[in-house]
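Numbering-wise (the working numbering), the sequence shown opens with residue 292 and increments by one.
Heads up, the beta-carbon is just placed ideally off N, CA and C, and yes, glycines get one too.
Everything on this sheet refers to the single structure shown next.
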Amino acid sequence: MTDPFVLAAFTMSVPSHGNFGLWRHPADQTSRYTDIRYWVALAELLDAGGFDALFIADALGQLDVYGGDADAALRRGVQTPVTDPLLAVSAMAAATTDLGFGITVSTTYESPYLLARKFSTLDHLTGGRIGWNIVTSLLDSAARNIIGRDRQIPHDERYAMATEFLDVTYKLWEGSWEDDAVLGDRASGVYTDPAKVHAIGHEGTYFSVPGAHLVEPSPQRTPVLFQAGTSPAGREFAARNAELVFVSDPRPQVLRANITDIRRRAVAHGRRPESIKFLTSVEIVTDSTDSAARAKAADLARYHDLESGLVLLSALSGVDWSEYGVDRPIEEFDTDASRSILSAVDSAGDRHRITLRDYVGQLGGFAGHLFVGSAVTVADDLESYAEATGVDGFNISYHITPGSFADVADHLIPELRRRGRAREAAATTTLRQRLFGRSALLPDDHPGAGFRVVKESRRSDG
């Protein structure tokens, strides 16, 4: 019996995400990202096409490492300009029934008290279809403009802050309001029983939150928790908190090793290893036949822009690659940006093989392994890749929108459904139920469940 893959569409509220230069393709509509109708139409396509979730990345600063300024990012439209990904969710949810939404928000620059309110609100408005992709941010430009620091907070300290941030939100979501606190009793005139709303009294190293949560319990209480990052600190954070982990590495054996390590760490936190699912980013070009798919990939490749890739890699790695030489093997540097980006391409066996041109100079590579072919071919390849790596699903990057996602919905997902590898129309109500087939609530072995005010009245079945 095979389990369905988790299938997420991966995008960002920008003119160009990881599809370097392809915003210039005549069929691409990503430049409409400021139009709410663009987002609603995309959500409707994904919902009808059988995707489990729309995952939206985010960044809080300009990409200004390459060449020492943001000029290239601005010229090329590389993740610049960028709008807030949370604000379109309600409109998309109103137009869909099954699609979940995984939204990226940083713990480094948000207030846990206010962010808990935002996600509880969205969990209500989506009917329990919201997830939070937890990031700690990595751009020095964000630190300069948000908190007035010349450089980003050190990498491991950001994760220490994130751990406390999560504990605050768990207390607010899980422990502040009892299930039956809201009475709405018209006869007595009592809307909420004050005895069943509790101040959390949090006083920690980074945050002080004495009061109660502002929002009554939502369908999931805690949103589904996504996380990316495979540095040692990132793996430890994921093992304790995440329900879905995004893992990325061009080497299948390293993906499997990282997954094994995070599952092992999860057990140390009292969690079942299977309580975490793992996704990796992929690029897919598919059509009715292998030859048609190859022709489509060749057409897309004509618009690929190497410099755009260097701009993004520089920002994510914290290394200015503008003078490095695109055919020189990539080396690892110690930075406070994304350590997993560089470690993925710098090892004893790979140092003399992977160059900047290999990594960002073509389709595939940086944005994930490239699969090209008919639905049967790509489905075969995805199953083989999952077997080799241990991943539970795929975060599908686009080349053009909506075309890349429409092709997956029209060609690939029906084939995956025939194999039991894609879900049918949802019979459940919340994102957590759709992905895990259990309660809408956090499972009882999750550390967040330990903050519940009345455990026995609200035990999950997971």
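Taking the alpha carbon of residue i as the reference point, which residue from the options has its own alpha carbon closest?
i, options, result
"R442", "Q320, Y482, T399", "T399"
"D560", "Q544, A606, G739, A350", "Going by the sequence as given, residue 560 is His instead of Asp. Ranking the options by Cα distance to H560, first place goes to G739."
"D484", "G492, I491, S411, G475", "G475"
"D471", "P508, E614, T668", "P508"
"A364", "R725, L597, V744", "L597"
"T720", "D414, W423, E465, G655", "D414"
"R593", "G309, R562, L505, H316", "H316"
"A606", "Q320, V369, G312", "V369"
"F401", "D362, V356, E455, R366", "Residue 401 is actually Glu in this sequence, not Phe. Closest by alpha carbon: E455."
"P295", "L673, V744, D701", "L673"
"A344", "R477, R526, V515", "V515"
"H504", "T496, W468, H493, G495", "W468"
"E574", "W612, I645, V536, S695", "S695"
"V536", "G681, D671, S579, D618", "G681"
"P523", "L707, P543, I553", "I553"
"A384", "D735, A339, W314, L430", "A339"
"A379", "L354, Y404, A332", "A332"
"P543", "F657, Y676, S499, P564", "Y676"
"P705", "D736, V669, F727, Y689", "V669"
Cβ of residue i within 8 Å of Cβ of residue j?
i, j, result
"T577", "V699", "yes"
"G419", "Q518", "no"
"L377", "F342", "no"
"I421", "L722", "yes"
"S304", "T387", "no"
"L654", "L647", "no"
"G309", "L732", "no"
"N424", "F301", "no"
"T293", "R725", "no"
"V556", "R526", "For the sequence presented, residue 556 should be read as Arg rather than Val. Yes, they are a contact pair."
"L703", "V651", "no"
"L406", "T460", "yes"
"G659", "S599", "no"
"G352", "A451", "no"
"A453", "F528", "yes"
"T521", "W464", "no"
"K568", "G684", "yes"
"K462", "F742", "yes"
"S665", "S539", "no"
Would you identify the three-state DSSP class for residue i, choosing helix, strand or coil?
i, result
"P541", "coil"
"F498", "coil"
"S665", "strand"
"Q724", "helix"
"D476", "strand"
"P620", "strand"
"G466", "helix"
"I704", "helix"
"H446", "helix"
"A299", "strand"
"S432", "helix"
"V775", "For residue 775 there is no data in the structure shown, the boundaries of the chain being 292 and 753."
"Y482", "strand"
"I437", "helix"
"G391", "strand"
"R630", "Low confidence applies to R630: its pLDDT is 47, below 50, so where it sits in the model is not reliable enough to give any reading."
"V515", "strand"
"S304", "coil"
"V610", "coil"
"V488", "strand"
"G655", "coil"
"G684", "strand"
"D735", "coil"
"T454", "helix"
"T646", "strand"
Look at the alpha carbon of residue i and the alpha carbon of residue j, and state the distance between them as a whole number of angstroms.
i, j, result
"A697", "A334", "11 Å"
"V426", "V396", "6 Å"
"L336", "A583", "22 Å"
"P445", "D349", "20 Å"
"R710", "V481", "53 Å"
"F329", "R714", "Note that residue 329 corresponds to Tyr in the displayed sequence, not to Phe. If you take the alpha carbons of Y329 and R714, they lie about 25 Å apart."
"A589", "G502", "58 Å"
"V744", "H493", "14 Å"
"G439", "I491", "30 Å"
"P306", "Y497", "35 Å"
"D319", "I691", "5 Å"
"V617", "H595", "15 Å"
"T412", "H489", "19 Å"
"D431", "R585", "40 Å"
"D458", "E534", "15 Å"
"A628", "V610", "Note on A628: pLDDT 48, under 50, position unreliable in the model; the coordinate value appears next. Distance between the alpha carbons of A628 and V610: 9 Å."
*Minimum length 4: unbroken alpha helix (DSSP H) runs contained in the segment 393-426*: Counting only runs of 4 or more residues that sit fully inside the segment 393-426, the alpha helix (DSSP H) segments are 403-416, in chain order.
*Which whole runs of the alpha helix (DSSP H) in the segment 530-603 are 4 residues long or more, in chain order?*
Taking 4 residues as the shortest admissible run, the segment 530-603 contains the following complete alpha helix (DSSP H) segments, listed from N- to C-terminal end: 543-559, 581-592.
_Sequence ranges, alpha helix (DSSP H) only - wholly within the segment 308-376, length at least 4_ = Restricting attention to alpha helix (DSSP H) runs no shorter than 4 residues, the segment 308-376 encloses them at 327-340, 362-367, ordered along the chain.
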